[in-house]
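Novice: Add 68 to the 1-based position in the sequence shown for our numbering, that's all there is to it.
Below is one structure. I have some questions about it.
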Amino acid sequence: MMLQPDDWLYETDINNKNRYVLGVKGQNPLICFGINPSTAAPEDLDNTVRSVERLTYNNGFDSWIMLNIYPQRATHAVNIHKRLNKKLHTQNMEAISRLMGQFEKVNLWAAWGTLISHRPYFSHCLADICQIAENHNHQWLSIGNLTKAGHPRHPLYLKATTKTQPFNMPEYLRNLVKQNA
């Protein structure tokens with residue numbers, strides 16, 4: 069599908085080292101949460117975002133928006149900041165809140181896989197995102213079965229025909245915070 073420039077949602081910092089929002093405008097979007105962005109940009113999607121796009125459309129949504137628990141661009145999780153950069157986190161929460169405020173009710177796709185275990189602060193970032201989602205009455209979903217460790221699957225490892233299912237975010241977050249306490 070060839071999109072026009074005004075169909076894209078794209079928000080980065082001035083140096084393009086951090087990405088806050090990447091997506092396509094629509095009436096019924098699926099908002100996907102990964103751990104952190106890699107190289108994807110409008111008209112230049114990486115494999116993860118191509119998987120997000122495919123799974124979104126195959127599950128009946130007309131558009132997708134990719135957000136992340138932490139906004140730092142890194143191709144490999146080991147390159148993500150060892151300690152939370154509070155300024156980046158705050159900017160990410162502001163972008164997420166602005167975006168979620170545009171929708172009365174929307175589906176949120178938990179899609180970070182086991183990468184959430186790479187940094188202890190990710191659970192605190194996710195807790196802040198959950199608070200924003202709760203304020204807007206949004207619903208959490210996952211696609212595919214959970215991993216052995218109980219995490220939602222990463223999009224790269226899902227068949228294109230895999231369907232959404234409800235995701236119990238409050239229970240998941242309680243367990244995750246306990247593990248990282």
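Idealized CB from N, CA, C, for every residue including glycine.
1. Going by DSSP in three states, E111 sits in which element: helix, strand or coil?
2. With 16 other CB atoms within 10 Å as the buried threshold, where does Y225 fall?
3. Grab the span of the alpha helix (DSSP H) containing I200 for me, first residue to last.
4. So, do the region 108-119 and the region 190-199 have three or more beta carbon pairs nearer to each other than 8 Å?
5. With DSSP as the reference, label R87 as helix, strand or coil.
6. I'd like the span of the beta strand (DSSP E) that includes I103, first residue to last.
7. Under 8 Å by Cβ, that's how I've got A178 and F101 pegged, so tell me the actual separation to the nearest angstrom.
8. Quick check on this structure: which residue in Y125, L156, I103 has the alpha carbon closest to the alpha carbon of N96?
9. If we count the other Cβ atoms within 10 Å of its Cβ and call it buried at 16 or more, is L71 buried or exposed?
10. Compute the beta-carbon to beta-carbon distance between R221 and T229, rounded to the nearest angstrom, for a pair I have assumed lies under 8 Å.
11. Buried or exposed: Q140, going by 16 or more other Cβ atoms within 10 Å of its Cβ?
12. According to DSSP, which residues form a beta bridge with N175?
Specialist: Concretely, from the data shown:
1. coil
2. Per the 10 Å Cβ criterion, exposed.
3. 189-203
4. no
5. strand
6. Unbroken run through I103: none, as it is neither H nor E.
7. 6 Å
8. Y125
9. Its pLDDT being 45, under 50, L71 is placed unreliably in this model, and the value from its coordinates should be taken loosely. With fewer than 16 Cβ atoms within 10 Å of its Cβ, L71 is classed as exposed.
10. Beta-carbon to beta-carbon, R221 and T229 are separated by about 14 Å, too far to satisfy the 8 Å threshold.
11. With 16 or more Cβ atoms within 10 Å of its Cβ, Q140 is classed as buried.
12. L98, Q207
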